[in-house]
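> Here you go, one structure.
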Amino acid sequence: MAQELPTWNKTVLDRSVKRAFEKADSTRPVIAHSGVLPHPPQLDGTDSHLYFGWYHGEERDLPAFLRAVPRLGRFVTEFGAQAVPATADFCEPEHWPDLDWERLGHTHALQKAVFDKFVPPADHRTFEGWRAATQEYQAVVVRRQIEALRRIKYRPTGGFAQFCFADGHPAVTWSVLGHDREPKLGYHALRDACRPVIVVADRLPEVVRPGDALALDVHVISDLRRVVEDARITAILEWEHGGSRTWRWRGDIPADGCQRVGTVQIVVPGAPGPVALVLRCGWDDGETDNRYEATIAPT
């Protein structure tokens, strides 16, 4: 494994920088190398780079991976997906679909081979349509993976970091703000996923079939340092032609914790088309909501 091999950076530079930081401020922990998996002699590893839905696997794979290898969820410092910014004249969209992909990769960081897998340019008639699709995909990855990390708060996740918050030059990267600080959809997803109190559920499969039995756990997660008293949680499953079913719970949300509040159990109705699970949580001085979508396949 490449991480086990010595390099000038890891063996000399990183250690020297670590000593300099520790000498300047001994009150803070310093990690010499980022993204190091557990291996001899550093059996415990360091922080994690988990690019599910970009460099490996699918974006839905993160929760199962963390259940299998919990220690890699302690502090995740890189995750997400690239997205084209709102201001993208540097891409020369007037040449769509024959963009200079080589130039965009070399000068503007765009990873065409990965986009071909997850948000293929060939699937879109216009540059604007493809740009919107890249932002929508990034928003899903950012929001759902942060929710997965917060759901295992302190078991073992102690925190996470948004990699590449804003670009320093025109680029297509994991940033949620463009080089001109114009927000991508991923910025709003990041904001919503990091609210002090959020309500989440097991995700609906992308496609469900009539007669499938679903059991989706609902959790509330709070970073507040006080108990949220008398919270009211509602889950509504909605499908085509006005069909719906509602679940309600009530109780306190513990300070700085994650609480399972109940389970949504239902047999999928025979109504092909879109289906959504809508969650709402309200208390005396606040409220939050969430939404998961899927498709009921025809029989």
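By our numbering, the letter at position 191 of the sequence shown is numbered 180, and the numbering carries on one by one without gaps. A virtual CB, placed ideally from N, CA and C, is assigned to each residue, including glycine.
Can you check DSSP and say which residues form a bridge with Lys142?
Your numbering for residue 142 matches position 153 in the sequence shown. Paired residue(s): Thr146.
> Tell me the residue span of the alpha helix (DSSP H) that contains Phe107.
Your numbering for residue 107 matches position 118 in the sequence shown. It spans Lys101 to Phe107 - the alpha helix (DSSP H) in which Phe107 sits, taken as one unbroken run.
> Quick check: the Cα distance between Gly240 and Gly271, rounded to an integer number of angstroms?
Position 251 of the sequence shown holds residue 240. Position 282 of the sequence shown holds residue 271. The straight-line gap from Cα to Cα measures roughly 11 Å.
> According to DSSP, which residues form a beta bridge with Ile222?
Indexing the sequence shown from 1 puts residue 222 at position 233. Beta-bridge pairing links Ile222 to Trp238 and Cys270.
> Hey, how far is the Cα of Val267 from the Cα of Ile225?
Indexing the sequence shown from 1 puts residue 267 at position 278. Indexing the sequence shown from 1 puts residue 225 at position 236. Each residue's Cα considered, the two are about 5 Å apart.
> Quick test of your reading: Gly167 and Asp181, contact by CB under 8 Å. State the CB separation rounded to the nearest angstrom.
In the sequence shown, counting from the first residue as 1, residue 167 sits at position 178. In the sequence shown, counting from the first residue as 1, residue 181 sits at position 192. About 19 Å; that fails the 8 Å criterion.
> Quick check on DSSP: helix, strand or coil for Phe54?
Along the sequence shown, one-based indexing puts residue 54 at 65. Reduced to three states, the DSSP call for Phe54 is helix.
> For the structure I just gave you, are there three or more beta carbon pairs, one from the segment 105 to 120 and one from the segment 20 to 28, closer than 8 Å?
No contact exists between the segment 105 to 120 and the segment 20 to 28.
> Around the C-beta of Glu218, are 16 or more other C-beta atoms found within 10 angstroms, so that it is buried, or is it exposed?
What you label residue 218 is simply residue 229 of the sequence shown in a count that begins at 1. By the neighbour-count rule (16 or more Cβ atoms within 10 Å), Glu218 is not buried but exposed.
> Would you check if there are 3 or more beta carbon pairs closer than 8 Å linking the segment 44 to 57 to the segment 147 to 154?
With a cut-off of 8 Å, the segment 147 to 154 and the segment 44 to 57 do not count as touching, because too few Cβ pairs lie within range.
> Quick one, which of His158, Trp(-3), Leu39 and Val188 has its alpha-carbon nearest Gly246's?
In the sequence shown, residue 246 corresponds to position 257, counting from 1. Checked all of His158, Trp(-3), Leu39 and Val188; the closest Cα to Gly246 is Val188.
> Quick check on the DSSP output: the alpha helix (DSSP H) that includes His97 runs from which residue to which?
Within the sequence shown, residue 97 is the residue found at index 108, counting from 1. Per DSSP, His97 belongs to the alpha helix (DSSP H) from Trp90 to His97.
> Hey, could you find the ends of the alpha helix (DSSP H) Arg249 is sitting in?
As a first step, residue 249 is located in the sequence shown; it is residue number 260 there, counting from the start. Careful: Arg249 lies outside any alpha helix (DSSP H), inside the beta strand (DSSP E) at Gly246 to Val256.
> Could you check if His97 is buried or exposed, using at least 16 other CB atoms within 10 Å of its CB as the buried criterion?
For the purposes of this step, residue 97 is taken as residue 108 along the sequence shown, with counting starting at 1. Buried, by the Cβ-count rule.
> Distance cutoff 8 Å, beta carbons only. Does Val253 sit that close to anything in chain E?
The question asks about chain E, but that chain is absent: this structure has only one protein chain.
> Among Val264, Gly62 and Leu99, which one has its Cα closest to the Cα of Pro194?
Position 205 of the sequence shown, counting from 1, holds the residue named residue 194. Residue Val264 is the option with its Cα nearest to Pro194.
> Between Gly118 and Lys173, what straight-line distance do the alpha-carbon atoms span, to the nearest angstrom?
The residue labelled residue 118 in the question sits at position 129 within the sequence shown. The residue labelled residue 173 in the question sits at position 184 within the sequence shown. Roughly 14 Å between the two C-alpha positions.
> Less than 8 Å separating the beta-carbons of Val322 and Trp43?
No statement about residue 322 is possible, as the shown extent of the chain runs from -10 to 288 and does not include it.
> Can you grab the Cα-Cα spacing for the pair Leu138 / Leu39, in whole Å?
As a position in the sequence shown, residue 138 is number 149, starting the count at 1. As a position in the sequence shown, residue 39 is number 50, starting the count at 1. Near 11 Å, if we compare the C-alpha coordinates of Leu39 and Leu138.
> Taking all protein chains shown into account, do 16 or more other C-beta atoms lie within 10 angstroms of the C-beta of His158, making it buried, or fewer, making it exposed?
The residue labelled residue 158 in the question sits at position 169 within the sequence shown. Result: exposed.
> In terms of residue numbering, what span does the beta strand (DSSP E) encompassing His208 cover?
By one-based count along the sequence shown, residue 208 stands at place 219. Segment Ala202 to Ser211, the beta strand (DSSP E) holding His208.
> Would you kindly work out how many angstroms separate the C-alpha atoms of Gly62 and Gln254, rounded to a whole number?
Stepping through the sequence shown from its first residue, residue 62 is reached at position 73. Stepping through the sequence shown from its first residue, residue 254 is reached at position 265. Whole-angstrom Cα-Cα distance: 28 Å.
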